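Student: If you're matching them up, the sequences are chains C and H in order.
If you want the numbering used here, it's the position in the first sequence, counting the first as 1, plus 956.
If you want the numbering used here, it's the position in the second sequence, counting the first as 1, plus 956.
Built from N, CA and C at the ideal position, the CB exists for glycine as well.
Every value quoted in this text rests on a predicted model; they were computed, and no experiment measured them.
There are 2 protein chains.
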Amino acid sequence: MVIKSGTVDAKKLANFAARALQNAGIPEEDAKISADLLVRTDLRGIDSHGVANLDWYVDLIKTGDINVKPDIKVFSQAPATAVMDGDQGFGFIVGRLAMAEAMNRAEKTGAGFVAVRNSTHYGAGGVYSMMALPRDMIGISMTTGGLHMVVPGGNDIGCGNNVMSIAAPTKKGFPFVLDMASTVVAFGKVEIALRKGVAMPEGWGINREGNPMTDPAHFIQEHGLLLPLGGTTERGSYKGFGLAVAIDILTSILSGAAPTCMPLEEPNTERAENHFFGALRIDSFIPISQFKEAMDGMIKIFEGLSRSEGVDRITLAGQIEYEKEKERRASGIPLHPKVLASLQKVAKELDIEYEL
Amino acid sequence: MVIKSGTVDAKKLANFAARALQNAGIPEEDAKISADLLVRTDLRGIDSHGVANLDWYVDLIKTGDINVKPDIKVFSQAPATAVMDGDQGFGFIVGRLAMAEAMNRAEKTGAGFVAVRNSTHYGAGGVYSMMALPRDMIGISMTTGGLHMVVPGGNDIGCGNNVMSIAAPTKKGFPFVLDMASTVVAFGKVEIALRKGVAMPEGWGINREGNPMTDPAHFIQEHGLLLPLGGTTERGSYKGFGLAVAIDILTSILSGAAPTCMPLEEPNTERAENHFFGALRIDSFIPISQFKEAMDGMIKIFEGLSRSEGVDRITLAGQIEYEKEKERRASGIPLHPKVLASLQKVAKELDIEYEL
Chain C
957 MVIKSGTVDA
967 KKLANFAARA
977 LQNAGIPEED
987 AKISADLLVR
997 TDLRGIDSHG
1007 VANLDWYVDL
1017 IKTGDINVKP
1027 DIKVFSQAPA
1037 TAVMDGDQGF
1047 GFIVGRLAMA
1057 EAMNRAEKTG
1067 AGFVAVRNST
1077 HYGAGGVYSM
1087 MALPRDMIGI
1097 SMTTGGLHMV
1107 VPGGNDIGCG
1117 NNVMSIAAPT
1127 KKGFPFVLDM
1137 ASTVVAFGKV
1147 EIALRKGVAM
1157 PEGWGINREG
1167 NPMTDPAHFI
1177 QEHGLLLPLG
1187 GTTERGSYKG
1197 FGLAVAIDIL
1207 TSILSGAAPT
1217 CMPLEEPNTE
1227 RAENHFFGAL
1237 RIDSFIPISQ
1247 FKEAMDGMIK
1257 IFEGLSRSEG
1267 VDRITLAGQI
1277 EYEKEKERRA
1287 SGIPLHPKVL
1297 ASLQKVAKEL
1307 DIEYEL
Chain H
957 MVIKSGTVDA
967 KKLANFAARA
977 LQNAGIPEED
987 AKISADLLVR
997 TDLRGIDSHG
1007 VANLDWYVDL
1017 IKTGDINVKP
1027 DIKVFSQAPA
1037 TAVMDGDQGF
1047 GFIVGRLAMA
1057 EAMNRAEKTG
1067 AGFVAVRNST
1077 HYGAGGVYSM
1087 MALPRDMIGI
1097 SMTTGGLHMV
1107 VPGGNDIGCG
1117 NNVMSIAAPT
1127 KKGFPFVLDM
1137 ASTVVAFGKV
1147 EIALRKGVAM
1157 PEGWGINREG
1167 NPMTDPAHFI
1177 QEHGLLLPLG
1187 GTTERGSYKG
1197 FGLAVAIDIL
1207 TSILSGAAPT
1217 CMPLEEPNTE
1227 RAENHFFGAL
1237 RIDSFIPISQ
1247 FKEAMDGMIK
1257 IFEGLSRSEG
1267 VDRITLAGQI
1277 EYEKEKERRA
1287 SGIPLHPKVL
1297 ASLQKVAKEL
1307 DIEYEL
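#1: Is the beta carbon of Pro-1026 of chain C less than 7 Å from the beta carbon of Thr-1065 of chain C?
#2: Could you name each continuous beta strand (DSSP E) segment of 3 residues or more that falls completely within the region 1016-1046 of chain H, going from the start of the chain to the end?
#3: Entirely within the region 1183-1227 of chain H and at least 4 residues each: give me those alpha helix (DSSP H) ranges in chain order.
#4: Look at the Cβ atom of Glu-1281 of chain C, then the Cβ atom of Leu-969 of chain C, and state whether they are nearer than 7 Å.
#5: Just how far apart, CA to CA, sit Leu-1306 of chain H and Ile-989 of chain H?
#6: Is the shortest distance between the beta-carbon of Leu-1220 of chain C and the beta-carbons of chain H less than 7 Å?
#7: Rounded to whole angstroms, how far is the Cβ of Arg-1164 of chain H from the Cβ of Asn-1111 of chain H, which I believe are closer than 8 Å?
#8: If you drop the 5 nearest sequence neighbours on each side, which residues of the same chain put their C-beta closer than 7 Å to that of Ala-1080 of chain C?
#9: Could you please give the first and the last residue of the uninterrupted beta strand (DSSP E) stretch that includes His-1174 of chain C?
#10: Answer with yes or no whether the minimum CB distance from Ser-1262 of chain C to chain H is below 7 Å.
#11: Given this structure, state the Cα-to-Cα distance separating Phe-1342 of chain H from His-1077 of chain H, to the nearest angstrom.
#12: For Ser-1240 of chain H, decide whether its Cβ has a neighbour in chain C, counting only Cβ atoms nearer than 7 Å.
#13: Just checking my contact of Gly-1102 of chain H with Gly-1116 of chain H at CB under 8 Å: how many whole Å lie between their CB atoms?
#14: Arg-1073 of chain H lies in the alpha helix (DSSP H); which residues open and close that run?
#15: Can you pull the chain C residues whose beta carbon is under 8 Å from the beta carbon of Ile-1270 of chain H, in chain order?
#16: Give me the residue from H:Val-1302, H:Tyr-1310 and H:Val-1141 with the minimum Cα distance to Ser-1193 of chain H.
#17: Quick one: what does DSSP say Asn-1163 of chain C is sitting in, helix, strand or coil?
#18: I believe Gly-981 of chain H touches Ile-1017 of chain H by the beta-carbon criterion, under 8 Å. Please report the beta-carbon distance rounded to the nearest angstrom.
#19: Taking the alpha helix (DSSP H) that Leu-994 of chain H belongs to, which residues open and close that run?
#20: Quick check: the Cα distance between Asp-1239 of chain H and Glu-1063 of chain H, rounded to an integer number of angstroms?
#21: Can you give me, in chain order, the residues of the region 1200-1212 of chain H that have a beta carbon less than 9 Å from any beta carbon in chain C?
#22: Ile-1122 of chain H versus chain C: which residues are under 7 Å apart at the beta carbon?
#23: Skipping 5 residues on each side, what residues in its chain have a beta carbon closer than 8 Å to that of Ile-1176 of chain H?
#24: Under a CB-based cut-off of 7 Å, is Pro-1157 of chain C close to chain H?
#25: Apart from the five residues just before and just after Ile-1289 of chain C, which ones in its own chain have a Cβ nearer than 7 Å to its Cβ?
#26: Should Thr-1225 of chain H be labelled buried (16 or more other beta-carbon atoms within 10 Å of its own) or exposed?
#27: Tell me, please, whether the CB atom of Leu-1306 of chain H is closer than 7 Å to any CB atom in chain C?
#28: Verify the CB distance criterion: does Val-1295 of chain C have a CB-CB separation below 7 Å to chain H?
#29: Beta-carbon separation of Met-1093 of chain H and Arg-1285 of chain H under 7 Å?
#30: Kindly say whether Thr-1099 of chain C, judged by its beta-carbon, lies nearer than 7 Å to any beta-carbon of chain H.
#31: Let me check understanding here. Comparing Cα to Cα, which of C:Phe-1132, C:Asn-1167 and C:Asn-1118 lies closest to Phe-1143 of chain C?
#32: Check for me: the alpha helix (DSSP H) holding Ser-1004 of chain C runs from which residue to which?
#33: Rounded to a whole number of angstroms, what is the C-alpha to C-alpha distance between Thr-1099 of chain C and Ile-1203 of chain C?
#34: Over the uninterrupted alpha helix (DSSP H) stretch that includes Ile-1255 of chain C, give me the two end residues.
#35: In the DSSP assignment, what are the bridge partners of Arg-1285 of chain C?
#36: Against chain H, which members of the region 1064-1088 of chain C pass a CB distance test of less than 7 Å?
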């Protein structure tokens, strides 16, 4: 393994993140688990949801917004379903437990679904849906997102850019992993544009007068409005909005929390994150080998589709991330200088060695 | 009740559709059930998926593409899940049976999921997810759609505009019913534009050179390409595409059929429709009254959001359809002259009275 200059070795990065989280107050085992999920996200190229958020998590732990020793409870009235109260625990720990709960139920009944209230930010949705893959299940993961969405017809924030992820295993190919916010782009994409110093394309967000915003710094300062997937009502933005509300129903209302879609002005300082996890045991439908072979066949069909001029290939959800993970595991994770600086700051604050 | 001139009474319309289906060969009880679901769709204002398709269904029955006396089979390996083989039965009958199967399983285990192969066109997805409402469940309904989607980077048809619907009950308010194709708009919207003689807005579809198409007649003749929700890759079209593939996995692969996303040239004359149904029993998560009150509270929040100039109100998925159903039940369903003409043609062909 040759770690390219300017990149960071995944194991070193995970060790660093685990030490940071542990020094901030998260118990050792939980810190390790969370750091692994965080670095997995960077490995898959989802730079908006990986260690770039570590300093923010450390801050939330310090302020007590993340409870480092939560009393997580599970309530269940039926074999296939449950509600979990995360007691403001770290989203990665709560999320992983809840997904395991859903899968254990699916093991017995074929399907398992767990709605989670009182959690905190759980990173990228895909790391939980993907937990279903080695168990030959289809995994589903949803979460409330930051308050950034303007609803169709509105002129201010009205809903979170709630996230949905679905993962399905294959035989030889990369696994299918859809992981999407219900806005045109996730807020993290705006932060990446800021970090890179590039403009946001038109069609991502608008200001309160309905005009396009393309300067990411300005967008973040002014709390600009992200458009629901579809963009305009004529082009189906009510679908992106509808998805966001459906996710809020499954995560927030079904878990016994309050809906999180609301105006920005509402007092929401104590607003928790809520999640929803699901698992479908494939062999309770059809034999696993049949399912996986059909998945491989589907990938072949898409690979063979005729393409527009200048397009090298057609990719499926999860394909680029799979390739990136292979590449980054072998040759290191490229971190933006600003992310490295934030990690250095974390190291200094928590008095741990910075050796990335 | 005063039926407005130019409109058709819902009961009369349902009787007519039932007689037509029965005369075409569907058994009496099945014909009645299907006609009710068809007219329910018109009542809700989804004019693209109601009786406007009756002549097409009658044709499919005549050609044997719809099996009027199917031997529908259910295979189950676990309490919460099942696979159904529809034996090319009428989609309305197969769909209704499968959704009932999912709900009966949810009654026992909290969650029920049924993947369906070898069905035919089942109309609007919302009529099945809504079956869960009176049983205090959250309903999910998905189906493969017509081959109309160009995938990001492609220059021809590559996927169906697969459909997903989610319904959740409320206490006093209209129920939440999301019912969406994974393209910017459903193909039926193009047919409505043709019927009305209006142009399609830019952003719905393109030709094989990648240029916008706005003439619906031309679009249908040339088998134009509908864009995935999002429109362009910069604006998230990979999300609409990802949704379409996720739906194909759940409907087609999980049911043991072949994936339906494929190039238009593939031999697909025998291509069946596949569905996926789900039900979550609300009181296996939290008390039903708590859930419904929170849903009403959420509706209030959206009603109170500040709006752009010229916008009367902000509406949620299912709201306009709910109001339309009330209005049309009271004063009749307005049918386009071309739809009335197609019904007249059906009456003549099947030798039944036309008294709409």
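Tutor: Let me spell this out:
#1: Along the first sequence, one-based indexing puts residue 1026 of chain C at 70. Along the first sequence, one-based indexing puts residue 1065 of chain C at 109. Cβ atoms of Pro-1026 of chain C and Thr-1065 of chain C: not closer than 7 Å.
#2: Within the region 1016-1046 of chain H, the complete beta strand (DSSP E) segments at least 3 residues long are 1029-1034 and 1037-1041, listed from N- to C-terminus.
#3: 1193-1204
#4: The residue given as residue 1281 of chain C occupies position 325 in the first sequence. The residue given as residue 969 of chain C occupies position 13 in the first sequence. No, Cβ-Cβ distance for Glu-1281 of chain C and Leu-969 of chain C is not below 7 Å.
#5: Here the question's residue 1306 of chain H lines up with position 350 in the second sequence. Here the question's residue 989 of chain H lines up with position 33 in the second sequence. Near 19 Å, if we compare the C-alpha coordinates of Ile-989 of chain H and Leu-1306 of chain H.
#6: Residue 1220 of chain C sits at position 264 when you count from the first residue of the first sequence. It does not: the Cβ of Leu-1220 of chain C has no partner Cβ on chain H nearer than 7 Å.
#7: Here residue 1164 of chain H refers to the residue found at position 208 when the second sequence is read from its first residue. Here residue 1111 of chain H refers to the residue found at position 155 when the second sequence is read from its first residue. About 6 Å; that satisfies the 8 Å criterion.
#8: In the first sequence, residue 1080 of chain C corresponds to position 124, counting from 1. By the criterion of a C-beta distance shorter than 7 Å, Ala-1080 of chain C is surrounded in its chain by Thr-997, Ile-1002, His-1005 and Asp-1135, once the five residues flanking it on both sides are discounted.
#9: As a first step, residue 1174 of chain C must be located in the first sequence, where it is residue number 218. Premise fails: His-1174 of chain C lies in the alpha helix (DSSP H), 1172-1177, not in any beta strand (DSSP E).
#10: Within the first sequence, the letter at position 306 stands for residue 1262 of chain C. For Ser-1262 of chain C, the answer is yes, since a Cβ of chain H falls inside 7 Å of its Cβ.
#11: Chain H is shown from 957 up to 1312; residue 1342 of chain H falls before or after that span and cannot be answered.
#12: The residue you call residue 1240 of chain H lines up with position 284 of the second sequence. Chain C contact via Cβ: present.
#13: Reading the second sequence from its first residue, position 146 is the one you call residue 1102 of chain H. Reading the second sequence from its first residue, position 160 is the one you call residue 1116 of chain H. By a beta-carbon distance limit of 8 Å, Gly-1102 of chain H contacts Gly-1116 of chain H. Their separation comes to about 6 Å.
#14: For the purposes of this step, residue 1073 of chain H is taken as the residue at position 117 of the second sequence. Looking at the DSSP string, Arg-1073 of chain H is not in any alpha helix (DSSP H); the run it does join, the beta strand (DSSP E), is 1067-1075.
#15: Stepping through the second sequence from its first residue, residue 1270 of chain H is reached at position 314. Within 8 Å Cβ-Cβ: Val-1107, Pro-1108, Gly-1109, Gly-1110 and Gly-1114.
#16: The sequence position of residue 1193 of chain H within the second sequence is 237, counting from 1. Taking only the C-alpha atoms, the option nearest Ser-1193 of chain H is H:Val-1141.
#17: The residue given as residue 1163 of chain C occupies position 207 in the first sequence. Correct three-state label for Asn-1163 of chain C: coil.
#18: Within the second sequence, the letter at position 25 stands for residue 981 of chain H. Within the second sequence, the letter at position 61 stands for residue 1017 of chain H. Their Cβ separation, rounded to whole angstroms, is 5 Å, which keeps Gly-981 of chain H and Ile-1017 of chain H in contact under 8 Å.
#19: As a first step, residue 994 of chain H is located in the second sequence; it is residue number 38 there, counting from the start. Unbroken alpha helix (DSSP H) run through Leu-994 of chain H: 984-999.
#20: Indexing the second sequence from 1 puts residue 1239 of chain H at position 283. Indexing the second sequence from 1 puts residue 1063 of chain H at position 107. Cα to Cα, the separation comes out at about 10 Å.
#21: Val-1201, Ala-1202, Asp-1204, Ile-1205, Leu-1206, Ser-1208, Ile-1209, Leu-1210, Ser-1211 and Gly-1212
#22: For the purposes of this step, residue 1122 of chain H is taken as the residue at position 166 of the second sequence. Simply Ala-1202.
#23: The residue given as residue 1176 of chain H occupies position 220 in the second sequence. Counting only Cβ-Cβ distances below 8 Å, and skipping sequence neighbours, we find Val-1146, Glu-1147 and Leu-1150.
#24: Position 201 of the first sequence, counted from the start, is the residue given in the question as residue 1157 of chain C. Chain H contact via Cβ: present.
#25: Here residue 1289 of chain C refers to the residue found at position 333 when the first sequence is read from its first residue. For Ile-1289 of chain C, where only same-chain residues beyond five positions count, the Cβ hits under 7 Å are Thr-963, Val-964, Ala-966, Leu-969, Asp-998 and Leu-999.
#26: Here residue 1225 of chain H is taken as the residue at index 269 of the second sequence, counted from 1. A caution first: Thr-1225 of chain H carries a pLDDT of 46, below 50, which makes its placement in the model unreliable, though a value can still be read off. Thr-1225 of chain H comes out exposed.
#27: Indexing the second sequence from 1 puts residue 1306 of chain H at position 350. No, Leu-1306 of chain H lies away from the interface with chain C (no Cβ there is under 7 Å from its Cβ).
#28: Here residue 1295 of chain C corresponds to residue number 339 of the first sequence, with the count starting at 1. It does not: the Cβ of Val-1295 of chain C has no partner Cβ on chain H nearer than 7 Å.
#29: Against the second sequence, residue 1093 of chain H aligns to sequence position 137. Against the second sequence, residue 1285 of chain H aligns to sequence position 329. No; because the gap between Cβ atoms is not below 7 Å, this pair is not in contact.
#30: Looking up residue 1099 of chain C in the first sequence gives position 143. Chain H places no beta carbon closer than 7 Å to that of Thr-1099 of chain C, leaving this residue out of the contacts.
#31: Walking along the first sequence from the start, residue 1143 of chain C turns up at place 187. Ranking the options by Cα distance to Phe-1143 of chain C, first place goes to C:Asn-1118.
#32: Working through the first sequence from its first residue, we reach residue 1004 of chain C at position 48. Boundaries for Ser-1004 of chain C: no alpha helix (DSSP H) harbours it, and the DSSP string shows neither H nor E there.
#33: Counted from its first residue, the first sequence places residue 1099 of chain C at position 143. Counted from its first residue, the first sequence places residue 1203 of chain C at position 247. Cα-Cα distance, rounded: 7 Å.
#34: If you number the first sequence from 1, residue 1255 of chain C lands on position 299. Membership of Ile-1255 of chain C in the alpha helix (DSSP H) is indicated by the continuous run 1244-1259.
#35: On the first sequence, residue 1285 of chain C is found 329 positions in, with the first residue counted as 1. In the DSSP output, where bridge partners are listed per residue, Arg-1285 of chain C has none listed.
#36: Thr-1065, Gly-1066, Ala-1067, Phe-1069 and Ala-1071
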